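A.B. asks:
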Amino acid sequence: MVYILTRVWEFQASVENLVRQLRGRIEENLDFLEKSASNLFFWILFNGAFGSTGFECHAWFISRLRSLALELSIEEWEEVASALEGFFFIRRPSKDSAKEFWENVVLDAEIDCVEVDRIIE
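Reminder that position 11 of the sequence shown reads as 131 in the numbering used here, one-by-one numbering, no gaps.
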C-alpha cells in the first residue's frame, strides 16, 4: 500500500499512519527479516523510507536502510533498482523520484561520514 500511494499515485497524505504501522510490524519481525529475507527486507525498508519522507519515523527507516544496503553491498542506483525489481518496482524513464531519493540517501550518508571524521580529528 505504501508503494502504491507514494510511487504510483504520488499521494502522501494518508501515508504517515501506514509507515508508522509498517515500522511496528518490522520491529515485531526484525530477527526473521534480517536473517531469512534480507532482499525482501531491503525492499520493505526502501518503501518505508521513501514513504516516510517528512514524517517522524523517517530517520528510523533511513538508518536501517543504509545499514542493510552496506551489508548487502548495494550502493549504486542500478543495484538498488535491480534489488527492488526482484519484488515489485517499476522504473520510470523520466523524473524518477525513487532514484533521486536513493541519491540523497547516499549523499546524506557521505556527509554523515565526513562529519564523523571531523569530530574524531
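Positions of the beta carbon are idealized from the N, C-alpha and C atoms, including for glycine.
Note that the structure is predicted; figures quoted are calculated from it, not measured.
Taking 8 Å as the cut-off, does the stretch 172-188 touch the stretch 199-209 (at least 3 CB pairs, one atom from each stretch)?
C.D. replies: In short, these stretches do not touch, since the Cβ pair count stays below three.
A.B. asks: Is Leu185 near Val225, with beta carbons less than 8 Å apart?
C.D. replies: A contact, by the Cβ cut-off of 8 Å.
A.B. asks: So which of Ser183, Glu154, Ser156 has the shortest CA-CA distance to Gly168?
C.D. replies: Answer by Cα proximity: Ser183.
A.B. asks: Please classify Arg145: is it buried, with 16 or more other beta-carbons within 10 angstroms of its beta-carbon, or exposed?
C.D. replies: Exposed.
A.B. asks: Are the Cβ atoms of Ala201 and Ile194 separated by less than 8 Å?
C.D. replies: Result no, Cβ atoms of Ala201 and Ile194 do not sit closer than 8 Å.
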